[in-house]
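From first to last, the protein sequence lines stand for chains C and D. Read left to right, the first sequence gives residues 796 to 1129 (our numbering). Read left to right, the second sequence gives residues 796 to 1129 (our numbering). We put the beta carbon where it would ideally sit given N, CA and C, even for glycine.
There are 2 protein chains.
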Amino acid sequence: MAPNIRDIARMAGVSVATVSKVINNYPHISPKTKEKVMTVIKDAQFMPNSVARGLVKGRSMTLGMFLTTGLVHPFFVHILAGMEDSLKESGFDLLYLSQVNWNPDYSFVRHCMSRNVEGVVVFGFQRFDLNLDELVQSEIPAIFIDLDMLGKKAGYVTSDNVDGIRKSVRYLKEIGHTRIAFLTGGLESYVGKLRFEGYKQGLADLGLPYLSEYVYIGDFSRESGIEATQKFLSLDNRPTAIVCSSDMGAVGVIEAMKEAGLSVPGDMSVIGFDDIDIATHTVPSLTTIRQDTFGIGQNSIRLLLEIINNANCPPPTMIVPTELVVRDSCAPLA
Amino acid sequence: MAPNIRDIARMAGVSVATVSKVINNYPHISPKTKEKVMTVIKDAQFMPNSVARGLVKGRSMTLGMFLTTGLVHPFFVHILAGMEDSLKESGFDLLYLSQVNWNPDYSFVRHCMSRNVEGVVVFGFQRFDLNLDELVQSEIPAIFIDLDMLGKKAGYVTSDNVDGIRKSVRYLKEIGHTRIAFLTGGLESYVGKLRFEGYKQGLADLGLPYLSEYVYIGDFSRESGIEATQKFLSLDNRPTAIVCSSDMGAVGVIEAMKEAGLSVPGDMSVIGFDDIDIATHTVPSLTTIRQDTFGIGQNSIRLLLEIINNANCPPPTMIVPTELVVRDSCAPLA
DNA sequence: TTGTAGGCGTTATCAG
DNA sequence: CTGATAACGCCTACAA
């Protein structure tokens, strides 16, 4: 059995209180006893039970994380890696709150409370999912990834989606394109809406007209890329380039072009969004907007700790910059 | 503030013990009081503090997970999805033990104890990393993924690596190949060794000779695929097919062949291992051995719960079957 | 059927 | 500087 603080006290010949003080680096304690207690602790491999500690201190040193059920997001590993990076020196561990069940009785807030988590990161949900709202209104520090939720203690971090797509449009214009189509992501999602916004702004920036037949409402999927392409190819005045809201969509576009016997980038320039692993391996490799997923993870935890540590800091928000990665799927217009 | 059991007791006009009994579904309690207490609980949105509960019961209803620092494994999302599936109805949440630091003082066991986790899943480590051994010897239930660690309370789950590679070899033989080369993964890793073993057995099964010049010692990376290809192409008696220990290695092979002006599968058949997302999108798309990553995650938790619930079940082990996925990177030998 | 009281491992408050 | 002792929120004999 693991020794507890009483065992240590007995072995060191001091009181429980003294051991506690040594553990927590209290002042007013003689070097001699400190020394003695420390040795006993080392020898006995003692480590204070953080659960009991949490009970009395009202702190648990654990952060929570809500993921939407069955989310299989290729990015997630990188986000987690970023989170770990921020977690490392903080003393916090991360609890994956896995029992989100989609019946109306379920409460994010109660789940958090019952687990004594000091704050949560939320990823993959939509604004009106379940009673997410209750969480936002609550006193529980929360950081949302890719969802602009703001509350007393709730903020968010997301990529600069608007600017990312604007960069795409600008780049295509720079290499001569003016008939630039757009494949949206799911418009029910926050990032989907923003990327669409980015497209409109991008056109406006450059004085290009917005044409509704150059827009296909998709859902981030490869399939929607295929469908979009078929639609665009059927147009009298075909676009010469397609900006996509996701790499998977762009993959679909490339496939559909090949299927139609046309060439990318010869007959159509294509640009993605995300920079997932696949982007390097498509033929042609994909020019895309890279999201700093590691940075998103890193900052989600960093901001969360900020809320927790500064009693009344305003709910923090962070827009993480994106980067244009030029590969082979775009060509200057002849 | 969240109500506690005392608040509920007061509001319901009963004792704390009674409330506790209601919560825990004790027998001998009158329907009337039960009813009353239940209503109060609903109204007050009360949820017992699982931390305090854990302290007294000696159970925490949390499982732990150790990941190697900075692990960015494309599979991990799928494994996590599988874990979640098993976790869902269990009442357990999953604690990501993030503070693994690689100095000799760090102890997996103490980290577990201090967090009161009832068991852990370990992924991405090698046999002699840190003091993993202490964990295996301990009383803490543990399931290792892709590492054959066995202890009183420790078991593992992994793909059928040997059989997977044997399937590759057999498939190539069936379509006419006999000069079959092999790209190993990192041989310091458990799965790397097993896959190598699978290659040897595969040849033996079919009465094919083992030639050391047909083996390249790699490390699962794309780069090692490139290097292996260069070596194999320089041979007098070139192989006609390459079995790879990873999809990334196979991707490297395809690249190097293209670079050399040769064709896959025309001049060389290539077969991967893993079935990562990229496999579908290479040109040609990759014939490969699919790992059931969801199943691995699912079973890791399932087995762990088994150890926890059955006091003295033997340390469980699970070899998850693989599946040959035929795509376009292999061709019959003319 | 219900309530009382002791304890889980730790920290915090006061005396000494 | 050190040591009793009462919390923290909950569960569980045992008593009533």
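CB VAL912 of chain C to CB SER825 of chain C, shorter than 8 Å?
no
Only counting the same chain, and skipping five residues up and downstream in sequence, which positions put a Cβ closer than 7 Å to that of VAL915 of chain D?
LEU858, GLY859, MET860, PHE861, CYS907, ILE935 and ALA937
Between which two residues does the beta strand (DSSP E) carrying ASP958 of chain D extend?
Where ASP958 of chain D is concerned, there is no enclosing beta strand (DSSP E), although the alpha helix (DSSP H) it sits in stretches over 956–969.
Does DSSP classify THR1075 of chain C as helix, strand or coil?
DSSP places THR1075 of chain C in helix when its eight states are reduced to three.
Mind reading off the beta-carbon distance from VAL888 of chain C to LEU1099 of chain D? Whole number of angstroms is fine, and I expect it under 8 Å.
Before going further, note that residue 888 of chain C is Asp rather than Val in the sequence given. Not really, about 18 Å apart at Cβ, beyond 8 Å.
Relative to the alpha-carbon of SER933 of chain C, which residue among C:ASP955, C:ASN956, C:ARG905 and C:ASP943 has its alpha-carbon at the smallest distance?
C:ARG905
For THR1117 of chain D, is the classification buried or exposed, using 16 other Cβ atoms within 10 angstroms of its Cβ as the cut-off for buried?
With 16 or more Cβ atoms within 10 Å of its Cβ, THR1117 of chain D is classed as buried.
Using a C-beta to C-beta distance shorter than 8 Å, which residues of chain C count as neighbours of PRO869 of chain D?
PRO869, VAL872 and ASP1072
In the region 819–850 of chain C, which residues sit with their C-beta less than 9 Å from some C-beta in chain D, listed in chain order?
Cβ contacts with chain D: GLN840, PHE841, MET842, PRO843, ASN844, SER845, VAL846, ALA847, ARG848, GLY849 and LEU850.
By the criterion of Cβ-Cβ separation under 7 Å, what are the contact partners of THR1077 of chain C in chain D?
HIS1076
Proximal chain C residues relative to MET908 of chain D, where beta-carbon distance stays under 7 Å:
ALA797 and MET842
Quick one: what does DSSP say PHE861 of chain C is sitting in, helix, strand or coil?
strand
Runs of 4 residues minimum, wholly inside the region 1027–1110 of chain C: which ones carry the alpha helix (DSSP H) assignment?
1042–1054 and 1088–1104
Going by DSSP, name the residue or residues bridged to LEU925 of chain D.
LEU925 of chain D pairs with nothing; no bridge assigned.
Here's the rule I'm using: 16 or more other beta-carbon atoms within 10 Å means buried, otherwise exposed. How should VAL986 of chain C be labelled?
buried
Start-end ranges of the alpha helix (DSSP H) lying completely within the region 822–882 of chain D, minimum 4 residues
826–839, 845–852 and 871–882
Inter-stretch contact at 8 Å, needing at least 3 Cβ pairs: the region 1040–1054 of chain D / the region 1087–1107 of chain D:
no
Please decide whether SER984 of chain D counts as near chain C, where near means a Cβ-Cβ distance under 8 Å.
no
Where do the N-terminal and C-terminal ends of the alpha helix (DSSP H) with VAL814 of chain C fall, by residue?
811–818
If we count the other Cβ atoms within 10 Å of its Cβ and call it buried at 16 or more, is GLN1093 of chain D buried or exposed?
buried
Can VAL986 of chain C be considered in contact with the ligand NAP, in the sense that its beta carbon sits closer than 7 Å to one or more heavy atoms?
Looking for the ligand NAP in the displayed structure turns up nothing, as the structure carries no ligands at all.
Can you name the start and end residues of the alpha helix (DSSP H) that LEU998 of chain C belongs to?
985–1000
Compare the C-beta of VAL1046 of chain C with all C-beta atoms of chain D and state if any pair is closer than 8 Å.
yes
Are the beta-carbon atoms of GLY993 of chain C and ILE960 of chain C separated by less than 8 Å?
yes
To the nearest angstrom, report how far apart CYS1039 of chain C and GLU879 of chain C are at their CA atoms.
Near 31 Å, if we compare the C-alpha coordinates of GLU879 of chain C and CYS1039 of chain C.
Give a yes or no on whether the C-beta atoms belonging to LEU1119 of chain D and TYR966 of chain D are separated by under 8 Å.
Less than 8 Å divides the Cβ of LEU1119 of chain D from the Cβ of TYR966 of chain D.
Buried or exposed: which applies to LYS852 of chain D, given that a residue is buried once 16 or more other Cβ atoms fall within 10 Å of its Cβ?
So LYS852 of chain D ends up on the exposed side.
Can you name the start and end residues of the beta strand (DSSP E) that ALA937 of chain D belongs to?
937–940
My guess is that VAL1121 of chain D and THR1082 of chain D are in contact by the Cβ rule of under 8 Å, so how many angstroms apart are they, rounded?
5 Å
Under 8 Å (Cβ pairs) to chain C, residues found in the region 886–898 of chain D
GLY886, PHE887, ASP888, LEU889, LEU890, TYR891, LEU892, SER893, GLN894 and ASN896
Is PRO1195 of chain D near LYS948 of chain D, with beta carbons less than 8 Å apart?
Outside the displayed span of chain D (796 to 1129) sits residue 1195 of chain D, for which this structure offers no information.
Starting from THR953 of chain D, follow its DSSP beta bridges and name the residues at the other end.
D:ILE1114
Endpoints, the beta strand (DSSP E) within which ILE1012 of chain C is located:
Going by DSSP, ILE1012 of chain C is part of no beta strand (DSSP E) at all; its letter is neither H nor E.
Kindly say whether GLU1018 of chain C, judged by its beta-carbon, lies nearer than 8 Å to any beta-carbon of chain D.
no
Would you mind telling me which residues of chain C sit closer than 8 Å to SER855 of chain D, beta carbon to beta carbon, in chain order?
What SER855 of chain D touches in chain C: VAL846.
Since ARG905 of chain C meets chain D, which of its residues come closer than 7 Å, beta carbon to beta carbon?
GLN840 and MET842
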